[in-house]
Structures are given as C-alpha cells and as structure tokens.
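2 protein chains.
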Amino acid sequence: MIQSLQNTKVKEWKKLTTKKGRDKSGLFLVEGWHLTEEAIKADAVIEAIIKEGVELPSYMDAVEVHFVTEEISLALAETEHTQGVFAVCRQPEVQFESLQASNILMLDAIQDPGNIGTMIRTADAAGMDAVILGKGTADPYNAKVLRSAQGSHFHLPILKQDLFSSIEHCKESGIPVYGTSLQGAVTYKEAKAGEKFALIMGNEGAGVNNELLALTDQNLYIPIYGKSESLNVAIAAGILLYQLKGE
Amino acid sequence: MIQSLQNTKVKEWKKLTTKKGRDKSGLFLVEGWHLTEEAIKADAVIEAIIKEGVELPSYMDAVEVHFVTEEISLALAETEHTQGVFAVCRQPEVQFESLQASNILMLDAIQDPGNIGTMIRTADAAGMDAVILGKGTADPYNAKVLRSAQGSHFHLPILKQDLFSSIEHCKESGIPVYGTSLQGAVTYKEAKAGEKFALIMGNEGAGVNNELLALTDQNLYIPIYGKSESLNVAIAAGILLYQLKGE
C-alpha cells in the first residue's frame, strides 16, 4: 500500500487534477465506481486503478491496482464524499478526418464544465458520432465535466479541434452544418432531419462566433414563449439534437 | 449602515439561507444584481434590499435599502464572489385552483437544485403557466435553485402542492396529463401537441412515482440512440416541453 503523499506516483496522479498536468501527460483521472467501471467496460486505455484500502471487486483483476491510504485518496478526490476509487486513463487521440462521423456536435467556447459534461451525455444519448470542442471551450477532462457526462466520455470520440477546419471537413463530406443564433436564423422546427448533420452550440453569454455562423448551411433558433431571456445552452442542445435526429 | 452581525435584521436575513428559516417566515433571499433587478421588474413583494457599501443605482430609489458592511454581505452570500446586493422577497402564495393554468410542469421528488432551477427556467421559456413541486422535491427558494432559474421565479407561479390532487384538478379542467416513464410508455413524438397539457418529470434516480404514472393520460419516453443510460432530467424536460408546445 502506498502511504506517502510524497510518493512519485501520487505526485504524478495529483498533477492530473490540473489542466496543465493533463495536457502534459495526455492522461486524465476519473473518480468513483461508476466512471471507473465505464472506463473498464469501454476498454479505455487505463494506466492504473487507485483504490483506498486493500479490497477490490474481482472484475477488476485484470488491471494494475495501487492501494492507497485514506489521506492519499482525499488528496486526489474532487468530490465531497469520495468513494476512494480512481482510474488513470489515457486521452484518446482521434483524427476527425479518420472518423467517418456523420452526426457531430461542435462546442464553441463553452465555459461551464457542467454544461459541457451534460452536452457530451446528451450527444451520446442522441446517437452522435463525435463531439468536437473548439477553441475557448473548457477542458473535457476536468473532473466536473467527467462527472456531468456520467461516462459518455468512454462512449463516443471527444476531439479538441479548430471549428473552422471542422466545418470545412463537414462541407467536403456532404454533412450540413447548423449554427445556433437569434439573428438571421430560422425556427428550429424548419430544420429538416437528415441522416447527416453537424450542430454548433456557442458560448453561454456570447453565443456562436459570428465568423463560424457565416460558414454554416443554416442557423437555427428556439423560440422563447415566456419571459425568460434564453434557454440554458445544454437544454437548447438537447432540443436541437433530438429535432435534427428526428426519428 | 448596519455594522454588526448581531443586528436583529442581519440575524433574520441569515436565517433565510436555511429552508427552515424560509418556511417559517415565508420569505426568501435572492443574491446578485440580476436577480434583484428581476424581482423589482416583476413587482415581486420585496421586504428589503440589502447592499454592501453606501451607493445604489437610482432605479432602486423606491425600495427600502439597508446598507451593510462587507462582513455582513459575506455572511449572507452563497456565491464565491458575491456582488454584495440582496433582496428579501415574500414567497407568493398561489392556489392552483385559482390560476386557470393550461400548461403545467410538475416535478416529482427532484433532488438536485441545479436541475430544479434549470427546469423552472425552461418552463418559463416554453411558456408554461405554472410549475408545481410535489412532495420530496427540494425547496425552490434554495439559493442554487434561484441562481439556475435566472429570474424565472418572478415570471411564473411556483407552487408546492400534492401531485395527486394536482392531477385530479387537471382532469377536472380537461388538461391532459403526461407522465415520463420507460415502461408502458410511448415515444414522445407520438404525443400530440395541444393547447392544454401537464407534464410530470420525476426523481433523478427513480423516475416518476408509479402511483402517479397510473393516473396520467399517457406516459412518454425519449429514445436513447447511443450508449448513455439516460438523459439528464432537465434535458428531458426541455425536449418534452417543446414537443408538447409544438408550435
């Protein structure tokens, strides 16, 4: 059992709680039984399982397990009541061009980790083939994003990639691209569901970048019937993805 | 300027950060410029405005303002970086029977304050006439619910009321009631949009109570096309409310 916070491995794991540490190593840390199990089920590349105490369910036999003290578990935890189990996973490196994706969600400068995680989960539920995170969107391997996505990180490819080149690639592949905007947009009910589509959701305050909106095939809006100023971006994504999916 | 944390008013306000204090007084506390302005705009019953420092925008002239120290402001704040402005508002007492509502969202034992707030905001956007919170649903005047709803508390009536009697009342008023369920349910696309409808969303883990589901006109489900186990309840509410609204 690892007992010291000064242990080299513990120090490396602790770095994964920062974006810098994740970017540098290409790894990320998931916390809790549910996410750890999802990682194993999905055959994710798991570098290590970290477990407080010395007991382990038998289905985890195949992976390298490091037993640690409660102190170390608490140092790694980002939830208030940690379950004391973690998996160190490798960030998959996926090229959009090699994916042959035909249903894509793109996120432009989304700030809130809960919104990003919920949109990854919703994209998964709606049967998307990929989620592309453009410039200015928070790190998808942030603990709060991982928690909100409830394991969907292991179900579909998540790419960090420039959205201009992504739109370009969609055009070349015959995938219609929909933006979301209040100006120069048509009501979302007019969007015809098709087998292929890409949808761009934008920043919580500013919306989708105007230069991106100029490149789309059509821009959509969701009418507001009451007095609220807007919908939460993840709610809007849910309504639009299911409308475009249309089955 | 009020300077002491022991001031009687300050002690009363502080109690509003707990459910017990809100229930006893029938008041609630909103924090930040946006929510305070929404309360004023909506002609909510405001018992007091609390403001750190001594300056105030002119449009707040008409209301009773208590200037307080930073220490008191921090004691009342439930956000990390408080804007130092608060409004003490009275919880409206509304009788469902007197509302003549025809579009209603009902929440059965929803636990997460962020989900409740987002659903109140979405119900507002979708033009609902009322949100009814049944037994076991967290307090709508909790600070996190208020923040997630972004002012929608002041746009439509929010009632705490038994859902069995609410369904009964809908039936008497010719309002079809839709439940949400995976069993004995039809896909949500089969729900015909109508002028009148009530929708019940259920607990994040357990869903809608089976006894309530037995009383509905129809139960709906949203298909999952990917590998996620479910949709977030607020996302599902958004998809369903806009489907039922149908315009």
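Residue numbers (the numbering used here), protein chains in the order written: chain A, 2 to 248; chain B, 2 to 248. Idealized CB from N, CA, C, for every residue including glycine.
What residue range is occupied by the uninterrupted beta strand (DSSP E) comprising residue i?
i                 : result
His35 of chain B  : Careful: His35 of chain B lies outside any beta strand (DSSP E), inside the alpha helix (DSSP H) at Trp34 to Lys42.
Gln219 of chain B : Gln219 to Tyr222
Val86 of chain B  : Val86 to Arg91
Glu48 of chain B  : Ile47 to Glu53
Val178 of chain A : Val178 to Thr181
Which residues bound the alpha helix (DSSP H) around residue i?
i                 : result
Thr123 of chain A : Pro114 to Ala126
Val234 of chain B : Val234 to Lys246
Tyr22 of chain B  : It is worth fixing the name first, because residue 22 of chain B is Gly in this sequence and not Tyr. Segment Lys20 to Ser26, the alpha helix (DSSP H) holding Gly22 of chain B.
Leu75 of chain A  : Glu71 to Leu77
So, helix, strand or coil for residue i, using DSSP?
i                 : result
Thr9 of chain A   : helix
Ala131 of chain B : strand
Lys161 of chain B : strand
Lys228 of chain A : coil
Asp140 of chain B : coil
Asn104 of chain B : strand
His156 of chain B : coil
Val64 of chain A  : coil
Leu200 of chain A : strand
Leu17 of chain A  : coil
Leu216 of chain B : coil
Ile3 of chain B   : strand
Val95 of chain A  : coil
Leu57 of chain A  : coil
Val209 of chain B : coil
Are residue i and residue j closer than 7 Å when you measure CB to CB?
i                 : j                 : result
Phe155 of chain A : Glu39 of chain A  : yes
Val187 of chain A : Ile159 of chain A : no
Glu205 of chain A : Gln112 of chain A : yes
Leu28 of chain B  : Val89 of chain B  : yes
Leu106 of chain A : Gly135 of chain A : no
Leu242 of chain B : Ala110 of chain B : no
Ala235 of chain B : Thr119 of chain B : yes
Asn220 of chain B : Ser174 of chain B : no
Thr123 of chain A : Gly239 of chain A : yes
Trp14 of chain A  : Val86 of chain A  : no
Leu36 of chain B  : Gly152 of chain B : yes
Ile73 of chain B  : Val11 of chain B  : yes
Lys52 of chain B  : Val66 of chain B  : yes
Ala215 of chain B : Cys171 of chain B : no
Gly180 of chain B : Thr217 of chain B : yes
Lys197 of chain B : Ile168 of chain B : no
Ile223 of chain A : Tyr189 of chain A : yes
Glu79 of chain A  : Ala144 of chain A : yes
Asp125 of chain A : Asn104 of chain A : no
Any idea if residue i is buried or exposed, counting beta-carbon neighbours within 10 angstroms, 16 or more meaning buried?
i                 : result
Arg91 of chain B  : exposed
Ser149 of chain B : buried
Pro141 of chain B : buried
Pro58 of chain B  : exposed
Asp44 of chain B  : exposed
Pro114 of chain B : buried
Met2 of chain A   : exposed
Glu56 of chain A  : exposed
Ser166 of chain B : exposed
Ala207 of chain B : exposed
Lys193 of chain A : exposed
Leu147 of chain A : buried
Ser99 of chain A  : exposed
Gly203 of chain A : buried
Asp24 of chain A  : exposed
Output, in sequence order along the chain, the residues in the stretch 144 to 161 of chain A whose CB is closer than 9 Å to any CB in chain B. Ser149, Ala150, Gln151, Gly152, Ser153, Phe155, His156 and Leu157
For the stretch 7 to 36 of chain B, which residues have a beta carbon sitting closer than 7 Å to at least one beta carbon of chain A? none
Against chain A, which members of the stretch 213 to 227 of chain B pass a CB distance test of less than 9 Å? Ile223, Pro224, Ile225, Tyr226 and Gly227
Contact residues within the stretch 231 to 245 of chain A, judged by C-beta distance below 7 Å to chain B: Leu232, Asn233, Ala235, Ile236, Gly239, Ile240 and Tyr243
Members of the stretch 109 to 130 of chain B that neighbour chain A once the beta carbon cut-off is set at 8 Å: Gly115, Thr119, Arg122, Thr123, Ala124, Asp125, Ala126, Ala127, Gly128 and Met129
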